[in-house]
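Contents: one structure, followed by commentary.
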Amino acid sequence: MKTIQDILNQKDFSKEDLINLLKINTQENLDLLKESANNLMLESVGSNVYLRGLIEFSNYCVNDCYYCGIRKSNAEVHRYLLSKKEILDLAIWAAEKGYGSIVLQSGERADENFVSFVEECIVEIKENTKSENLPNGLGITLSIGELSLNQYERLFKAGAHRYLLRIETTNSDLFKQIHPETQSFERRLESLNCIKTTGYQLGTGVMIGLPNQTYEDLANDLLFFKEIDIDMLGMGPYIVHLSTPMKIYKDYYFENQKEIYALALKMVATARLLLKDVNIASTTALQAMYPWGREEGLLFGANVVMPNITPNEFRKEYLLYNNKPCLEDNKGDCFTCTISRIESVGRKTVLNKWGDSQHFTNKLRQNA
Ligand code: SAM
């Protein structure tokens, strides 16, 4: 039987290898995994960390995902949509501060009013954030859910160039267990395909530690990322929200928190080993589980951090899960705090750069 070191010495991995990496349960093997992922990160994307200022600009949502705190049926949530001026001011602030990129994230809506609103915001952000440092304005990533091909194209043409849409899980039965019938796995796959053909840098991800999720499911998720040739990965632990239908799993969640957190870090490291030069975010959900979670994510091979720059009064209305961090900080503090946290693990933050996925750039070069 192969040892963990034997697997880590390989250049490529079978499903069984991935499962064995995810099942690591000794400190010695965990350290080996972390070191390999870190070395591969240094070789393929370097040690720099790129920032994306996260603007949670609306919590209106037409979907009813059973796990999510801003699902449409959660009547406890006060719904908001930031104005165009508020979004633009945040973007200009971010550009002046040194963020090279922002993420515009919201609950899901595909109506014409909403899509043209986002389109106008993108155009204005691009026009108003050009400078010597950022000759093409801020880099814009969208994370606003499933749209039609035509809508994805419009937003791309307006100036957004990266898109994040999590598949959530590639096990279609598990997908059905955590979503209502109106949301289909096939439609999610189709959307990922549309995002890619439109020309965006494609980002996806899954939740880790979902009830009934197996190691094999997670290994299949990793192989799926490779197969659809993603450019960016944003995945994090599943965290219970007590005002959602999935609160029935709260005992499972609270009893297994430590294992879920460790599994999320192993997923980050294993993804780095398998996918090599993609951008991998160290997500807020890691920090929600453990105060230094985002820093640990960086130590396991992540190279992107997304500090929240949403104004304070709205952050508490965008609670996807319990214990979401940084609800009280203001956006200026988050910037300084993030940079010092990144430095605390020996990494350097890059300012005034888009920080595009090296994988995407390499593909463009190969096809030129
Ligand atoms: N509406 C967009 C979409 O669905 O892609 C973006 C917003 S959505 C709230 C962003 C992500 O939050 C989801 O893809 C999901 O993975 C994550 N999320 C929601 N509830 C969560 C929970 N309870 N635990 C961990 N992640 C959660």
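In this note's numbering, the protein residues as written are -18 to 349. In this text, a Cβ means the ideal position worked out from N, Cα and C, and glycines have one as well. Computed from a prediction, not measured in an experiment: that's the story for all the values here.
**OP:** Reducing DSSP to helix, strand and coil, say where A262 ends up.
**Re:** strand
Original post:
Is the beta carbon of S39 within less than 7 Å of some heavy atom of the ligand SAM?
Top reply: no
**OP:** With DSSP as the reference, label F281 as helix, strand or coil.
**Re:** coil
**OP:** Name the one or two DSSP bridge partners that M188 has.
**Re:** G217
**OP:** Output yes or no for whether 8 Å exceeds the beta carbon distance between F295 and Y80.
**Re:** no
Subject >> Three-state secondary structure (DSSP) of E37 >> reply: strand
Subject >> Length-filtered (4 minimum) alpha helix (DSSP H) runs lying within the segment -17 to 65 >> reply: -15 to -11, -4 to 3, 8 to 25
Subject >> Residues bridged to N201 (per DSSP) >> reply: N201 pairs with nothing; no bridge assigned.
Subject >> Reduced DSSP category for L85 - H, G, I as helix; E, B as strand; rest coil >> reply: strand
Subject >> Those runs of the alpha helix (DSSP H) which lie wholly inside the segment 129 to 167 and span at least 4 residues >> reply: 130 to 139, 153 to 159
Original post:
Is I357 helix, strand or coil by DSSP?
Top reply: Coverage of the chain is limited to positions -18 through 349, which leaves residue 357 absent and any answer about it impossible.
Original post:
Are the segment 206 to 224 and the segment 178 to 192 in contact at 8 Å, needing three or more beta carbon pairs?
Top reply: yes
Original post:
Run through DSSP, which three-state label would G350 get?
Top reply: As displayed, the chain neither begins before -18 nor continues past 349, which places residue 350 out of reach and without an answer.
**OP:** Reducing DSSP to helix, strand and coil, say where T122 ends up.
**Re:** strand
**OP:** Taking only heavy atoms of the ligand SAM into account, decide whether any of them is closer than 7 Å to the Cβ of Y219.
**Re:** yes
Original post:
Secondary structure at N289, three-state DSSP: helix, strand or coil?
Top reply: strand
Original post:
Do L254 and L21 have their CB atoms nearer than 8 Å?
Top reply: yes
**OP:** Return the chain-ordered list of same chain residues with a C-beta closer than 6 Å to the C-beta of E105, the five sequence neighbours on each side being excluded.
**Re:** L69
Subject >> Assigned secondary structure, V249 (DSSP; H/G/I helix, E/B strand, else coil) >> reply: helix
Original post:
If we count Cβ pairs, one from each stretch, closer than 8 Å, do we get three or more for the segment 276 to 286 versus the segment 22 to 40?
Top reply: yes
Subject >> Closest Cα partner of G88 within the set K65, C49, F316, Y144 >> reply: C49
**OP:** Output yes or no for whether 8 Å exceeds the beta carbon distance between W233 and P192.
**Re:** It should be pointed out that residue 233 corresponds to Tyr in this sequence rather than to Trp. Going by C-beta atoms, Y233 is nearer than 8 Å to P192.
Original post:
Does the separation of the CB atoms of I125 and L173 fall below 8 Å?
Top reply: no
Original post:
Out of curiosity, what's the CA-to-CA distance linking E324 and N289?
Top reply: 18 Å
Original post:
Grouping DSSP H, G and I as helix and E and B as strand, with all else coil, what is Q238?
Top reply: helix
Original post:
Is DSSP giving T195 helix, strand or coil here?
Top reply: coil
Original post:
Got a sec, what are the start and stop residues for the alpha helix (DSSP H) N94 sits in?
Top reply: 93 to 109
Original post:
In three-state terms, what does DSSP make of T225?
Top reply: coil
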